[in-house]
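Presented below is the structure to which this report refers.
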Amino acid sequence: MKYGVNEQGYYGEFGGAYIPEMLYPNVEELRNKYLSIINEDGFKKEFDQLLKDYVGRPSPLYPAKRYSEKYGANIFFKREDLNHTGSHKINNAIGQILLARRLGKKRIIAETGAGQHGVATATVCALMGIECVVYMGEVDMERQAPNVSRMKMLGATVVPARSGSKTLKDATNEALRDWIANPVDTHYIIGSVVGPYPYPDMVARFQSIISLETKKQLSEHTGRELPDYVMACVGGGSNAMGMFYHFLDDESVKLVAVEAAGKGVDSGHSAATTFLGREGVLHGSRTILMQTPDGQVVEPYSISAGLDYPGIGPQHAYLYKIHRAEYVSITDDEALQAGLLCSQLEGIIPAIETAHALAYLENMKFKTDDTVVICISGRGDKDLDTYIKYFGY
1 MKYGVNEQGY YGEFGGAYIP EMLYPNVEEL RNKYLSIINE DGFKKEFDQL
51 LKDYVGRPSP LYPAKRYSEK YGANIFFKRE DLNHTGSHKI NNAIGQILLA
101 RRLGKKRIIA ETGAGQHGVA TATVCALMGI ECVVYMGEVD MERQAPNVSR
151 MKMLGATVVP ARSGSKTLKD ATNEALRDWI ANPVDTHYII GSVVGPYPYP
201 DMVARFQSII SLETKKQLSE HTGRELPDYV MACVGGGSNA MGMFYHFLDD
251 ESVKLVAVEA AGKGVDSGHS AATTFLGREG VLHGSRTILM QTPDGQVVEP
301 YSISAGLDYP GIGPQHAYLY KIHRAEYVSI TDDEALQAGL LCSQLEGIIP
351 AIETAHALAY LENMKFKTDD TVVICISGRG DKDLDTYIKY FGY
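Residue numbers (the working numbering): 1 to 393.
Here it is as structure tokens:
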């Protein structure tokens with residue numbers, strides 16, 4: 001793959017594994033074994049079977065007729081919100097739990113922002129009978145309370161992260177500390193295309209089922225595999241990378257990744273990484289991140305718990321730098337209005353993360369024969385409190 005990872009774990013100058021010595025054996029074990037394990041016939045058969053019978057894949061590619069009329073193009077929604085647990089996160093969680101089991105791990109840890117990855121991880125741990133500990137920022141635990149309850153009901157221990165901004169970055173820090181303290185029996189299921197190599201590549205491969213299905217489904221709907229535009233929201237970037245993956249080498253397809261501008265990119269309350277960030281190292285990989293002149297991480301902000309991450313996955317950083325994908329941003333207000341519009345035009349209440357991608361349609365100009373695919377990365381049940389407070393229902 002032209003835009004894929006090289007043997008050293010880099011996408012151009014981004015990626016790598018910048019880790020403390022204590023984590024080296026864990027990461028090296030993964031690096032040496034993950035490809036051979038996930039390419040085994042037995043692994044692929046079990047993964048595909050669970051995606052079909054447990055997750056409910058393939059997820060539909062829905063022709064959004066009222067959106068198409070409004071925006072003057074052929075708009076399709078890739079319905080990851082219809083997966084078991086309500087988002088794309090389950091695809092990667094199943095892949096990694098199968099990998100962890102083959103590596104003989106007895107305990108799983110994870111970080112979560114919006115709670116969807118935490119729920120997905122707790123779900124697969126319940127399915128496999130493996131202990132599960134999820135780290136979640138205290139602020140996120142309050143605004144995503146239904147997902148905290150779901151994780152606990154599934155048998156997971158949810159540990160609040162009380163440092164920093166008490167959000168996703170801090171939950172990731174806590175999970176990494178746990179992994180350093182428990183290097184032998186524990187596998188860390190990272191939920192996005194971030195972290196030390198091989199995680200960005202591994203997570204992208206597990207999520208690539210999204211674009212693989214989309215190509216086939218689009219061909220059934222339109223007679224051609226390739227859309228003109230593919231769009232997704234991006235925090236760390238797993239749903240976007242899954243949505244982009246099988247279109248990367250087809251350069252006629254325009255890729256649009258929508259970040260969270262929060263209260264505005266110049267407001268000091270934003271998570272628009274590519275606009276505000278510069279190159280550096282975050283959570284084990286070289287990427288683009290928001291930082292002060294002396295290299296301290298800037299606290300991100302977004303009303304969306306899944307997008308307030310101060311960096312971006314290294315593959316995204318590479319695609320941004322070489323202009324293969326366009327990285328743009330949408331404010332809280334624009335996203336919330338777009339979530340309401342989608343609810344009332346299509347009868348689909350999207351996650352606020354997803355609503356960022358939908359909102360960017362307002363800034364685009366299409367030809368009437370353009371085909372646009374948008375990843376509906378998650379459903380909005382978890383965000384109803386935020387929507388209700390904003391709109392005063």
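From the three backbone atoms N, C-alpha and C, an ideal C-beta is built for every residue, glycine too. Computed from a predicted structure; not experimentally measured.
Please go through the same chain and pick out, in chain order, the residues whose beta-carbon is closer than 6 Å to the beta-carbon of residue i, but skip the five residues on each side of it.
i, result
"residue 178", "109"
"residue 106", "185"
"residue 166", "137, 138 and 139"
"residue 79", "59, 60, 62 and 376"
"residue 131", "107"
"residue 170", "137, 161, 163 and 164"
"residue 217", "61"
"residue 73", "366, 370 and 372"
"residue 325", "255, 257 and 319"
"residue 14", "286, 287, 314, 317 and 318"
On a CA-only basis, which of the options is nearest residue i? Give me that one, please.
i, options, result
"residue 67", "381, 390, 360 and 391", "360"
"residue 248", "261, 262, 204 and 263", "204"
"residue 221", "267, 107, 37 and 372", "372"
"residue 396", "353, 324, 391 and 347", "The displayed coordinates of the chain run from 1 to 393. Any statement about residue 396 would go beyond what the structure contains."
"residue 265", "275, 296, 378 and 217", "275"
"residue 457", "199, 327 and 173", "One cannot answer for residue 457 here, as it falls past the ends of the chain, which runs 1 to 393."
"residue 316", "119, 52, 201 and 263", "201"
"residue 2", "362, 18 and 251", "251"
"residue 354", "364, 335, 362 and 96", "335"
"residue 95", "340, 350 and 50", "50"
"residue 254", "14, 261 and 246", "246"
"residue 288", "278, 304, 147 and 381", "278"
"residue 119", "101, 145 and 392", "145"
"residue 46", "101, 341, 339 and 22", "101"
"residue 368", "70, 38 and 32", "70"
"residue 303", "379, 114 and 14", "114"
"residue 35", "198, 23, 158 and 340", "198"
"residue 295", "308, 281, 390 and 307", "281"
"residue 182", "392, 22, 30 and 344", "22"
So, at 7 Å on beta carbons, what are the nonlocal neighbours of residue i in its own chain, with the 5 sequence-adjacent residues on each side left out?
i, result
"residue 10", "16"
"residue 298", "290, 291, 292 and 310"
"residue 19", "27, 196 and 284"
"residue 243", "78, 210, 211, 230, 232 and 375"
"residue 208", "242, 245 and 246"
Within the continuous alpha helix (DSSP H) that includes residue i, where are the two ends?
i, result
"residue 211", "209-222"
"residue 283", "Segment: none, residue 283 is in no alpha helix (DSSP H) and carries neither H nor E."
"residue 171", "168-181"
"residue 241", "238-244"
"residue 231", "Where residue 231 is concerned, there is no enclosing alpha helix (DSSP H), although the beta strand (DSSP E) it sits in stretches over 229-233."
"residue 32", "24-38"
"residue 146", "145-153"
"residue 46", "41-50"
According to DSSP, what are the bridge partners of residue i?
i, result
"residue 63", "76"
"residue 189", "110"
"residue 197", "Partner(s): none; residue 197 has no beta bridge."
"residue 271", "260"
"residue 309", "According to DSSP, residue 309 bridges with nothing at all."
"residue 15", "10 and 286"
"residue 279", "288"
"residue 297", "291"
By the DSSP assignment, the beta strand (DSSP E) with residue i in it spans what residues?
i, result
"residue 161", "157-161"
"residue 254", "254-262"
"residue 136", "131-137"
Going along the chain, which residues of its own chain have a beta-carbon closer than 8 Å to the beta-carbon of residue i, five neighbours each way excluded?
i, result
"residue 237", "192, 193, 194, 257, 312, 313, 315 and 316"
"residue 56", "82, 83 and 84"
"residue 143", "305, 385 and 386"
Please go through the segment 311-385 and give each complete beta strand (DSSP E) segment of 3 or more residues, from N-terminal end onward. 325-331 and 371-376
Every unbroken beta strand (DSSP E) inside the segment 81-115 [3 residues or more]: 107-112
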